[in-house]
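So the sequence lines, in the order shown, correspond to chains A and V.
Mind the numbering: the first sequence is residues 1 to 418 in my numbering, read in order.
Mind the numbering: the second sequence is residues 1001 to 1418 in my numbering, read in order.
Ideal Cβ placement from N, Cα and C applies to all residues, glycine included.
Input: a single structure, listed below in structure tokens.
There are 2 protein chains.
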Amino acid sequence: MSNINQNLINRRSKALGPTYSHFYENPLQIVRGEGVWLYDADGKKYLDCYNNVPSVGHCNPHVVDAICEQARTLNTHTRYLHENIIEYAEMLTATTPEDDYVALFVCTGTEANDLAYRIASTVTGNQGVIITENVYHGNSTLVAELSPSEGRDHPRPDFVAEIAAPDSYRGETDANEVDKAIGQLASHGIQPAMQLIEGAFENPGLFTPDKQYYHDMLKKTRAAGGLIVIDEVQSGLCRQGENFWSYQNSGFVPDIITMGKSLGCGHPLAATVVKRSVIEKFGKTTDYFNTFGGNPVSTAAGRAVLQYIHKENILQNVHDTGIYFRAGIAKLQEKHNVIGDVRGKGMFIGIDLVKDRASKEHAPVEAARLIELLREEGMLISTVGVKANVLKVRPPLIFNKEHADIALGMMADAFNAL
Amino acid sequence: MSNINQNLINRRSKALGPTYSHFYENPLQIVRGEGVWLYDADGKKYLDCYNNVPSVGHCNPHVVDAICEQARTLNTHTRYLHENIIEYAEMLTATTPEDDYVALFVCTGTEANDLAYRIASTVTGNQGVIITENVYHGNSTLVAELSPSEGRDHPRPDFVAEIAAPDSYRGETDANEVDKAIGQLASHGIQPAMQLIEGAFENPGLFTPDKQYYHDMLKKTRAAGGLIVIDEVQSGLCRQGENFWSYQNSGFVPDIITMGKSLGCGHPLAATVVKRSVIEKFGKTTDYFNTFGGNPVSTAAGRAVLQYIHKENILQNVHDTGIYFRAGIAKLQEKHNVIGDVRGKGMFIGIDLVKDRASKEHAPVEAARLIELLREEGMLISTVGVKANVLKVRPPLIFNKEHADIALGMMADAFNAL
């Protein structure tokens, strides 16, 4: 680590305080990005297999040009008429054709999930929320309570009930789990306003749910009076390579879909997409205004991302690259016993590290070591899961087979050096 | 209204649903902005005396260049080291020299206020919040409860208590108001976590508080165990023309300062600025990460705004233009009995319309009519206050005496036509 870095770290700690944490033992100082590549202050190049926000690549010129052109022309808010928000809302809801949806624009996934709760609790008259264990949905006062992966300094509130994540490797997928959650809420006299659930489970360990399980479970929540809110902030926007949104893999039609992170390829843009029948009930009592949400620049960014996805056939790329990449990782698994399970779809890949394949005992120390070894190799990933033993491989959606070959080479070296 | 507009309105209603509202009886379609001017789709020009978000002017080239340069280079997040966030945090906390503050970056004023509550409730161990009547602090599940100006479809929760706004025209400023609020919370067994208060009261009707009142009141909340959180989202960033932040007019040193709207001149950027002693207690139990908050592009935007403010001596401009503008409005008051009170500081001006100067009866119909007359003249303002009878005059901070003369001419015509 250079002296410049140490100086920056000291200044950072002074100006930003103790709630800001870094990746890596020695923080990375990234200064430039292009496509799937990031460059540090010393000119070292990293293949980005971690960041899901730069969906169509770091500094994608089509998106940057759209942002700059609009920023030079006008950036106001949604209380004046503007083409961009309308066009973008039309384009976005065209990707969710299963029902008559409308789009509400916000700035962050947190705001999208928080607004979903305002809508669901108002429309149902209920207060309860069913979530998945170890999930992350955001950081507002309300949504932090729905994000057990962040930890709590106080007991779980009565209006929140957790179901086990469907662990396809060590556990089971049991739709009856949700009955217990509904019962737990009922024991406090609370009915569910919503079940907030990912279309594919990222923080619990990158599990993709079984269709039947998903349908059976969500139907039970609906029968108990709750709306179904699918959080697509991490799992959606072509990431699974099968459909535009991960809920579409199951065929279940949600009441609300929340979107964020990848929507603006780095520009702060998120959305709460709501069935018209639901938003009409909410709109009777509530006006919702978000100063920056849906402004002309944000929606220009979002529109450019969708245009690029359609023009470059990104969904097909994610599908094909995912199959190729996972096959390569499966080859590594043949050689390295530490790889217990390779799972996921598209650019949403989990590599479950174990001390022993029979016991499936979690190997978090090995996972942490691999992250650092791969950093040295020039490849960025991270860990996830209840025991932080799952390698999270989640590159930008423009990642192709050539990139996969480079990644597989670096992973082979890192596993050999473990 | 053109056919194009009607077509857009229909498409908007279909794609966005019923929670989106417009300004004006016939919505304005703004297509271009430059400095203090906005242009509609028919080429008509409007002097913007409403928008506080474009702080240093619509499409300020210094800010737009900074955004574009950084967007073309890199846009990641705060878990890698980056100069921008550190420099910007240093520049921002240099404007709050009264204590040792650190900056936490988020995307919206809502997120800034919501995070302030997470910090205050964690650090104090209390739950209660004291707010001002008819105030607006944001739209998350938590912050919407602290925003009575938005209305509620359910009773006020027990953890919220309101004090009357210090009405310098019709009412009184009574610091003992806060005793009642503390007592009301106590009657539910709740202690205050924080008093959330603006440095100058916008939604209640653009009142600026008396220093003694402010000190006396906030000391009482502190004595009851609550932190003092000043919401500067609307009142700060040189807007009052006296100091950088409105709390500095009173000399009171807050525990937390929240900032938003104007910080990024339209780019989604907001901040929660916290005393180091407070954030260190919070940081012991909580890591806070906001995906887009403090990213390199957002902080480049914020830095460019501060650079422009310093270089162009914007605080002095706001001060001088404010005096000149208010003097011109006071001249209109001599001629028009409907103007009951002209108040405010800097570019934060309220014109209180009355049916009769003796009774001070609110004149909301006249206020609404004036908004429309001024739109016809080519000037944008809005109304505010419990009865919506106060004209809210709140231009970008680069508004100068020449602009004030143009505005005064249009206001003279509109008042004559009323």
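query = Under 7 Å, do A/C68 and A/I381 count as touching if we go by C-beta distance?
reply = Mapped onto the first sequence, residue 68 of chain A falls at position 68. Mapped onto the first sequence, residue 381 of chain A falls at position 381. No, they are not a contact pair.
inquiry  = What ranges does the alpha helix (DSSP H) occupy inside the region 207-241 of chain A, keeping only unbroken runs of at least 4 residues that lie completely in it?
reply    = 211-223
DSSP state of V/P1192 mapped onto helix, strand, coil = Here residue 1192 of chain V refers to the residue found at position 192 of the second sequence. The answer is strand: DSSP assigns V/P1192 an E or B state.
ask   = What does a CB cutoff of less than 6 Å around V/A1161 pick up in its chain, not counting 5 residues either side in sequence?
value = Within the second sequence, the letter at position 161 stands for residue 1161 of chain V. Contacts found: I1130, A1181, Q1184, L1185.
request  = Mind checking which residues open and close the beta strand (DSSP E) that includes V/S1382?
outcome  = On the second sequence, position 382 is the one that residue 1382 of chain V refers to. Looking at the DSSP string, the run of the beta strand (DSSP E) that includes V/S1382 is 1382-1384.
key: Reduced DSSP secondary structure (H/G/I, E/B, other) of V/I1030   = As a first step, residue 1030 of chain V must be located in the second sequence, where it is residue number 30. V/I1030 falls in the strand class under three-state DSSP.
inquiry  = Taking only three categories from DSSP, how would you classify A/Y88?
reply    = Taking the first sequence and counting its residues from 1, one reaches residue 88 of chain A at position 88. When secondary structure is reduced to three states using DSSP, A/Y88 falls in the helix class.
request  = Please report how far the alpha carbon of A/A89 lies from the alpha carbon of A/V102, in whole angstroms.
outcome  = Position 89 of the first sequence, counting from 1, holds the residue named residue 89 of chain A. Position 102 of the first sequence, counting from 1, holds the residue named residue 102 of chain A. Computed Cα separation, rounded: 7 Å.
ask   = Along chain A, which residues have their Cβ under 8 Å away from the Cβ of V/F1159?
value = Taking the first residue of the second sequence as 1, we reach residue 1159 of chain V at position 159. Per Cβ cutoff of 8 Å: no residues; V/F1159 is ~11 Å from chain A at best.
query = Which residue's Cα is closest to the Cα of A/Y419: A/G226, A/P204, A/E198, A/G225?
reply = Given that chain A is displayed from residue 1 to residue 418, the structure contains no residue 419 of chain A and the question cannot be resolved.
request  = Taking V/H1022 as the query, report the chain A residues whose CB atoms sit under 8 Å from its CB, ordered along the chain.
outcome  = Within the second sequence, the letter at position 22 stands for residue 1022 of chain V. Going along chain A in sequence order, the residues near V/H1022 (Cβ under 8 Å) are R79, Y80, L81.
query = Is the Cβ of A/K275 closer than 7 Å to any Cβ of chain V?
reply = Position 275 of the first sequence, counting from 1, holds the residue named residue 275 of chain A. Chain V, which has no Cβ nearer than 7 Å to the Cβ of A/K275, makes this no.
message = Am I right that V/G1266 and A/N75 are in contact with their C-beta atoms under 8 Å? What's the rounded C-beta distance?
response = As a first step, residue 1266 of chain V is located in the second sequence; it is residue number 266 there, counting from the start. As a first step, residue 75 of chain A is located in the first sequence; it is residue number 75 there, counting from the start. Confirmed, about 4 Å.
Residue closest to A/N243, alpha-carbon to alpha-carbon, out of A/G409, A/V36, A/G43, A/E98 = For the purposes of this step, residue 243 of chain A is taken as the residue at position 243 of the first sequence. Nearest option by C-alpha distance: A/E98.
Contact belief for A/T19 with V/Y1308 at Cβ below 8 Å, rounded distance in angstroms = Counting from 1 along the first sequence, the entry for residue 19 of chain A is found at position 19. Counting from 1 along the second sequence, the entry for residue 1308 of chain V is found at position 308. With a Cβ gap of about 29 Å, A/T19 and V/Y1308 do not count as contacting.
inquiry  = Counting only Cβ-Cβ distances shorter than 8 Å, please list the residues of the region 1393-1404 of chain V near chain A, keeping chain order.
reply    = none
query = Can you find a C-beta in chain V that's less than 7 Å from the C-beta of A/C107?
reply = By 1-based counting over the first sequence, the position of residue 107 of chain A is 107. Closer than 7 Å to some Cβ of chain V, the Cβ of A/C107 qualifies, so yes.
inquiry  = For A/N113, tell me which candidate among A/G151, A/T132, A/L196 has the shortest Cα-Cα distance.
reply    = By 1-based counting over the first sequence, the position of residue 113 of chain A is 113. For A/N113, the closest alpha carbon among the candidates A/G151, A/T132, A/L196 is that of A/L196.
query = Got a sec: which bits of the region 351-376 of chain A sit with their beta carbon under 9 Å from any beta carbon on chain V, in order along the chain?
reply = none
Beta-carbon spacing of V/N1052, V/K1261 below 7 Å = Here the question's residue 1052 of chain V lines up with position 52 in the second sequence. Here the question's residue 1261 of chain V lines up with position 261 in the second sequence. The answer is yes: Cβ separation under 7 Å.
The alpha helix (DSSP H) enclosing A/Y46, as first and last residue numbers = Along the first sequence, read from residue 1 onward, the residue named residue 46 of chain A stands at position 46. Looking at the DSSP string, A/Y46 is not in any alpha helix (DSSP H); the run it does join, the beta strand (DSSP E), is 45-48.
query = Taking Cβ-Cβ distances shorter than 8 Å, what residues in chain V pair up with A/F244?
reply = One-based indexing of the first sequence puts residue 244 of chain A at position 244. Simply none; closest approach about 17 Å.
message = I believe V/E1145 touches V/P1155 by the beta-carbon criterion, under 8 Å. Please report the beta-carbon distance rounded to the nearest angstrom.
response = Indexing the second sequence from 1 puts residue 1145 of chain V at position 145. Indexing the second sequence from 1 puts residue 1155 of chain V at position 155. Between V/P1155 and V/E1145 the Cβ distance is about 11 Å, and since that is not below 8 Å, they are no contact.
task = Return no unless some Cβ of chain V is closer than 7 Å to the Cβ of A/A421.
result = It is not possible to answer for residue 421 of chain A, since the shown part of chain A is limited to 1 through 418.
ask   = Is A/S187 buried or exposed, if buried means 16 or more other CB atoms sit within 10 Å of its CB?
value = On the first sequence, residue 187 of chain A is found 187 positions in, with the first residue counted as 1. A/S187 comes out exposed.
ask   = Could you give the distance in angstroms between the alpha-carbon of V/I1257 and the alpha-carbon of V/Y1136?
value = If you number the second sequence from 1, residue 1257 of chain V lands on position 257. If you number the second sequence from 1, residue 1136 of chain V lands on position 136. Looking at the two C-alpha atoms, the distance is approximately 16 Å.
request  = Name the two residues that bound the continuous beta strand (DSSP E) containing A/M411.
outcome  = Position 411 of the first sequence, counting from 1, holds the residue named residue 411 of chain A. Careful: A/M411 lies outside any beta strand (DSSP E), inside the alpha helix (DSSP H) at 401-417.
ask   = Hey, V/A1407 and V/L1038: beta-carbon distance below 7 Å or not?
value = Translated into positions along the second sequence, residue 1407 of chain V becomes position 407. Translated into positions along the second sequence, residue 1038 of chain V becomes position 38. Not in contact: V/A1407 and V/L1038 (Cβ atoms no closer than 7 Å).
message = So V/I1049 contacts chain A; which residues on that side make the cut at Cβ distance below 7 Å?
response = Taking the second sequence and counting its residues from 1, the one referred to as residue 1049 of chain V is at position 49. According to the sequence displayed, residue 1049 of chain V carries Cys and not Ile. Simply none; closest approach about 14 Å.
Which of helix, strand or coil DSSP assigns to A/E150 = Counted from its first residue, the first sequence places residue 150 of chain A at position 150. The answer is helix: DSSP assigns A/E150 an H, G or I state.
query = What residues of chain V sit near A/I30, judged by a beta carbon separation below 8 Å?
reply = As a working note, residue 30 of chain A is residue 30 in the first sequence. Chain V residues near A/I30: L1074, T1076, Y1080, L1081, H1082.
request  = Note the first and the last residue of the continuous beta strand (DSSP E) segment covering A/G344.
outcome  = Position 344 of the first sequence, counted from the first residue, corresponds to residue 344 of chain A. Counting along the chain, the beta strand (DSSP E) containing A/G344 begins and ends at 339-345.
Reduced DSSP secondary structure (H/G/I, E/B, other) of V/V1056 = Sequence index remark: in the second sequence, residue 1056 of chain V carries index 56 (1-based). V/V1056 falls in the coil class under three-state DSSP.
request  = Measure how close the beta-carbons of V/K1211 and V/A1175 come, nearest whole angstrom, since I'm counting them as under 8 Å.
outcome  = Counting from 1 along the second sequence, the entry for residue 1211 of chain V is found at position 211. Counting from 1 along the second sequence, the entry for residue 1175 of chain V is found at position 175. Going by Cβ atoms, the distance from V/K1211 to V/A1175 rounds to 11 Å, so no, they are not a contact pair.
Nonlocal neighbours in the same chain, by C-beta distance under 6 Å from A/I314, ignoring five residues either side = Against the first sequence, residue 314 of chain A aligns to sequence position 314. Here the set comprises C238, L397.
key: Pairwise C-alpha distance: A/N84 and A/A71   = Working through the first sequence from its first residue, we reach residue 71 of chain A at position 71. Working through the first sequence from its first residue, we reach residue 84 of chain A at position 84. Answer to the nearest angstrom: the Cα atoms are 12 Å apart.
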